[in-house]
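*Asks:* Got a structure here, written out as structure tokens. Questions coming.
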Amino acid sequence: MEIKVTPELIEAHGISPEEYEMILEILGREPNYVELGIFSVMYSEHASYKNSILQLKTLPRDGKALLAKAGDENAGVVDIGGGLAVCFKIESHNHPSAVEPYHGAATGLGGILRDIFTMGAKPIAAVASLFFGNTSKDRNRFLMDEALRGISDYGNTFEVPTVGAELFFDDAYDGNPLVNAMAVGLVEHDKLARSAASGVGNVVVYAGAKTGREGIHGATFASVDLEEDAEMPSNVQVGDPEMGKRLAEATLEAINTGLVVAIQDMGAAGLTCSSSEMAGKAGLGIQLDLEKIPLKDADLEPWEIMLSETQERMLLVVEPKNLDTVLELFRSKGLEAVAAGSVTDDGFLAVRKNGELLAQIPAEALILGGGAPVYSPAQKEPEKLAEFSTSEIFIPGHGEMLLRLLAEPNIASKTALLAGFNPPPQDGAPAALVPIPAINKSIALSTACNPRHCELDPFEGAKAAVAEAARKIACTGAKPIAISNCLNFGSPKRPEVFWSFAQAIRGMGDACRAFETPVTGGNVSFYNENPHGAILPSPVIAMLGILENPSQACPPWFQNGGDQIALLGEACSTLGGSQYLHSLSGELAAPAPQLDLEKEKNLLLLLNALVEKDLLASARPVSQGGLLPCLAQACFNPEKTLGAKLDFELQHEAEAEYFGESHSRAAISFKTEKLEEIRRLCAEYQTPITLLGKVNDDTIFEVNQHINEKTEHLLQVFSAGI
């Protein structure tokens with residue numbers, strides 16, 4: 000029975016009156032129910048980026064090493080030499096993870112892995128960036144435990160190592176966690192697969208799992224506030240990592256043997272998005288025959304088939320001569336595989352079932368960069384938070400405060416939480432190094448975001464997130480090359496939220512241009528709100544670096560008793576935005592630290608030069624918690640716990656120098672005989688150096704007569720924090 004399209008139904012599909020007028024103009028008639036569903040998901044924020052695209056277009060997208068521009072393909076593609084390229088991308092799966100954290104997080108990783116192998120790249124690593132509310136609350140602890148279990152189970156079964164995981168905690172994420180997953184893959188240049196369809200008459204192949212009712216209207220659900228539950232999908236997507244692994248094997252074999260003309264995975268908006276994007280990018284059409292789609296339930300309606308977000312599914316374009324070979328390949332892996340349609344020259348996404356035409360829409364009218372709506376939401380700068388005075392709170396002793404900070408969930412060890420990963424990521428390592436033996440190089444991976452800094456000043460906070468991600472990579476000796484981003488914000492309908500978003504884009508762009516690290520792609524996740532309000536602005540930066548000589552990799556932990564310890568960069572003079580003040584007061588403390596891009600770039604170049612010349616024993620970025628927590632963690636060498644005797648002249652208040660979070664700083668250790676050459680390079684790169692003390696073997700952490708603690712005690716507190 001045909002469902003009549005009514006004003007109430009249009010509103011329930013999240014389509015505005017203005018958008019409906021656009022649809023009428025595009026079609027020259029009223030849409031039917033199937034077409035309304037197609038427009039609904041494709042015009043959702045999640046699929047169309049309609050509120051963010053004008054801002055995103057201001058980001059730098061060109062670079063010498065890039066083989067694809069941001070947005071052109073499923074992930075960024077970066078040349079790393081020797082005929083090899085790295086595909087990488089970070090994406091969110093926030094809304095599903097708030098409802099079903101295990102499946103939401105698992106399918107978040109599964110989806111980003113598909114983006115990688117869809118391009119012909121073999122996944123080699125994953126990194127997670129996760130944000131949760133106060134874990135003393137049962138619901139938040141449940142969300143965290145289940146999300147971590149979902150990611151680890153999917154990654155372990157898929158056999159891709161999670162090499163890094165960052166967790167951030169704040170009350171602003173109560174009931175509204177952020178699950179951001181980055182995946183990285185390796186591909187030969189000439190094996191890179193493309194997503195735009197080509198070849199009129201070529202066959203459209205459906206491969207993977209049978210289609211069910213999972214996640215219907217999931218893209219629409221991801222485009223509304225969590226309290227607006229009218230558009231909640233009928234079922235959150237459920238992943239099957241074992242099938243995902245088989246799908247990856249079959250897909251890579253099909254691509255590597257030259258059987259694939261074009262390919263797209265089915266993620267958000269499922270069959271609708273994959274088919275319309277493949278056709279729309281190419282200026283061609285695709286016809287789908289729904290009676291051929293493998294179904295979990297025979298009674299699925301056409302609109303359900305088109306909008307389903309069942310996981311582990313791919314859409315391929317193949318030449319007719321290769322059809323049987325492709326079908327047999329996927330079926331040999333125990334996967335469904337059928338000829339489900341064809342490429343046409345009329346530009347339409349045409350949907351039929353048993354010959355009956357159910358939908359006919361110009362494909363280009365559906366997609367980002369084509370006919371999808373574009374908006375420029377109102378902006379309003381919020382009232383600035385008052386500066387916080389330490390005179391209003393009791394200040395504990397420095398030793399007590401160091402212990403308190405090391406126990407803070409945002410700083411404390413995550414080793415116990417990550418024990419389910421196989422192998423577990425190396426806790427305490429600011430960046431992960433992944434060897435690429437074929438070219439005798441390593442790639443470096445990092446993520447960064449301090450939402451509290453972004454709340455205080457989104458321009459400076461986003462700028463600093465890029466800088467911190469780059470600093471983490473430079474401390475290993477690797478050179479930062481490119482970024483992907485995951486921009487997590489509240490509702491763009493709120494002018495204050497969209498102002499924060501626009502400012503974050505501006506800050507990110509400035510930093511990427513300064514460091515010559517172009518944006519290769521990413522993800523915008525709006526509507527991260529619950530009945531208590533919006534999350535903190537959370538622009539997560541995922542960065543890729545290249546280490547030309549893996550044997551020179553610089554560790555983040557002190558190595559030898561007797562080594563000198565020094566600070567690169569200026570002493571901190573502010574506590575604004577710090578974990579220190581938040582721990583004492585529970586409040587955000589203005590102003591946010593300001594970042595000087597020239598000083599940061601000099602530090603990055605200096606770190607690369609120091610490592611290249613084999614002058615350092617260790618290097619660690621100074622970030623959350625400030626200098627002393629950074630130095631304490633440098634003592635926690637997994638192979639041998641060390642101590643430090645620090646004796647240096649304070650230039651500012653002790654609290655600020657010890658615990659402030661200003662940027663462009665790194666703590667290094669080195670042999671005394673290398674000091675003169677290090678000083679020379681610091682002068683060349685216009686970066687101050689301050690000698691702080693020495694590493695010692697007696698496992699005592701001593702600071703200017705202010706602190707005298709056994710390192711084992713510090714480590715015990717650090718390890719028991721969460």
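Residues in the sequence shown are numbered consecutively from 0, following numbering that gives the first Met the number 0.
Backbone N, C-alpha and C fix where the C-beta goes; we use that ideal spot for every residue, glycine too.
Let me know if N636 comes out buried or exposed under the rule of 16 or more other beta-carbons within 10 Å of its beta-carbon.
*Replies:* Flag for N636 reads buried.
*Asks:* So the alpha helix (DSSP H) P681 belongs to, where does it begin and stop?
*Replies:* Here the sequence assigns Cys to residue 681, which means Pro is not the residue at that position. Segment L674 to E683, the alpha helix (DSSP H) holding C681.
*Asks:* From this set, V237, P372, L328 and V342, which residue's C-alpha is nearest S307's C-alpha?
*Replies:* That would be V237, whose Cα lies nearest to the Cα of S307.
*Asks:* According to DSSP, which residues form a beta bridge with I706?
*Replies:* According to DSSP, I706 bridges with V702.
*Asks:* Can you give me the C-alpha to C-alpha distance between A97 and L614, rounded to a whole angstrom?
*Replies:* A97 and L614: Cα-Cα distance of roughly 47 Å.
*Asks:* Three-state secondary structure (DSSP) at G521?
*Replies:* Reduced to three states, the DSSP call for G521 is strand.
*Asks:* In the DSSP assignment, the beta strand (DSSP E) including N484 goes from what residue to what residue?
*Replies:* Start and end: K478 to N487.
*Asks:* Going by the CB atoms, is the gap between F116 and A268 shorter than 8 Å?
*Replies:* It is not a contact, given that the beta carbons lie outside the stated cut-off.
*Asks:* Just to check my reading of the structure: L546 and S441 have Cβ atoms closer than 8 Å, yes? What is that Cβ distance to the nearest angstrom?
*Replies:* L546 to S441, Cβ: 4 Å. Contact.
*Asks:* Tell me L645's beta-bridge partners as DSSP assigns them.
*Replies:* In the DSSP output, where bridge partners are listed per residue, L645 has G692 and V702.
*Asks:* Return helix, strand or coil for F669, following the three-state DSSP convention.
*Replies:* Note: F669 maps to strand in three-state DSSP.
*Asks:* Does the segment 669-679 come within contact of the segment 526-536, defined as at least 3 CB pairs closer than 8 Å?
*Replies:* No contact exists between the segment 669-679 and the segment 526-536.
*Asks:* Would you mind stating whether G243 and V178 have Cβ atoms separated by less than 8 Å?
*Replies:* Going by C-beta atoms, G243 is not nearer than 8 Å to V178.
*Asks:* Could you round the C-beta distance between G625 and Y684 to whole angstroms and report it? I think they count as a contact, below 8 Å.
*Replies:* The Cβ separation is near 23 Å, so there is no contact.
*Asks:* How about Y19: is its C-beta nearer than 8 Å to some C-beta of chain C?
*Replies:* Chain labels in this structure do not include chain C; a single protein chain is all it has.
*Asks:* Alpha carbon to alpha carbon, how far is C634 from V694? Give it in angstroms, no decimals.
*Replies:* In a straight line, the C-alpha of V694 is about 8 Å away from that of C634.
*Asks:* Any chance you could list the alpha helix (DSSP H) runs of at least 4 consecutive residues sitting entirely within the segment 90-117, in chain order?
*Replies:* Here the runs fully enclosed are 93-98 and 100-116.
*Asks:* Nearest to D426 by alpha carbon, out of G36, Q704, S445 and E318?
*Replies:* Comparing Cα positions, the closest option is S445.
*Asks:* Is it right to say K471 is buried, meaning 16 or more other beta carbons lie within 10 angstroms of its own, or is it exposed?
*Replies:* So K471 ends up on the buried side.
*Asks:* Straight-line CA distance for L508 to V465?
*Replies:* Residue identity check: residue 508 is Gly in the sequence provided, not Leu. Approximately 9 Å between the Cα atoms of the pair.
*Asks:* Please report the residue range of the alpha helix (DSSP H) in which G398 lies.
*Replies:* It spans H397 to A406 - the alpha helix (DSSP H) in which G398 sits, taken as one unbroken run.
*Asks:* Whole angstroms are fine: how far does the CA of P424 sit from the CA of G798?
*Replies:* Residue 798 lies beyond the range of the chain shown here (0 to 721); nothing can be said about it.
*Asks:* So, I285 versus V203, is the Cβ gap smaller than 8 Å?
*Replies:* In contact: I285 and V203 (Cβ atoms closer than 8 Å).
*Asks:* When burial is assigned at 16 or more other CB atoms within 10 Å of the CB, is V259 buried or exposed?
*Replies:* By the 10 Å Cβ count, V259 comes out buried.
*Asks:* Could you check whether L66 and A84 sit closer than 8 Å to each other, using their CB atoms as the reference points?
*Replies:* Yes, Cβ-Cβ distance for A84 and L66 is below 8 Å.
*Asks:* For L270, which residues from the same chain have a beta carbon less than 6 Å from its beta carbon, with the 5 sequence-adjacent residues on both sides left out?
*Replies:* Cβ neighbours of L270 beyond the five flanking positions: M305.
*Asks:* Do three or more CB pairs link the segment 179-187 to the segment 454-462 at distances below 8 Å?
*Replies:* Judged by Cβ distances under 8 Å, the segment 179-187 makes no contact with the segment 454-462, as fewer than three pairs qualify.
*Asks:* Here's a check: name, in chain order, each residue in its chain whose Cβ is nearer than 6 Å to the Cβ of N522, leaving out the five neighbours to either side.
*Replies:* Excluding sequence neighbours, N522 sits near E90, S91 and C485.
*Asks:* Are the CB atoms of E660 and G576 nearer to each other than 8 Å?
*Replies:* Yes, they are a contact pair.
*Asks:* Excluding five sequence neighbours on each side, which residues of the same chain lie with their C-beta closer than 6 Å to the C-beta of M524?
*Replies:* The sequence shown places Ser at residue 524, rather than the Met named in the question. If we look at S524 and ignore the five residues flanking it on each side, its Cβ neighbours are S91, N93 and N487.
*Asks:* Under a three-way DSSP split, which group does A570 fall into?
*Replies:* A570 falls in the coil class under three-state DSSP.
*Asks:* If we count Cβ pairs, one from each stretch, closer than 8 Å, do we get three or more for the segment 66-79 versus the segment 190-207?
*Replies:* Touching, per the Cβ criterion.
*Asks:* To the nearest angstrom, how far is the alpha carbon of G132 from that of V316?
*Replies:* Their backbone Cα atoms lie some 44 Å apart in a straight line.
*Asks:* Let me check understanding here. Comparing Cα to Cα, which of D137, P628 and S51 lies closest to S412?
*Replies:* Considering only alpha carbons, the answer is P628.
*Asks:* Assign N439 to one of three DSSP states: helix, strand, or coil.
*Replies:* N439 falls in the coil class under three-state DSSP.
*Asks:* Which of helix, strand or coil does DSSP assign to Y153?
*Replies:* Here Y153 sits in helix by DSSP.
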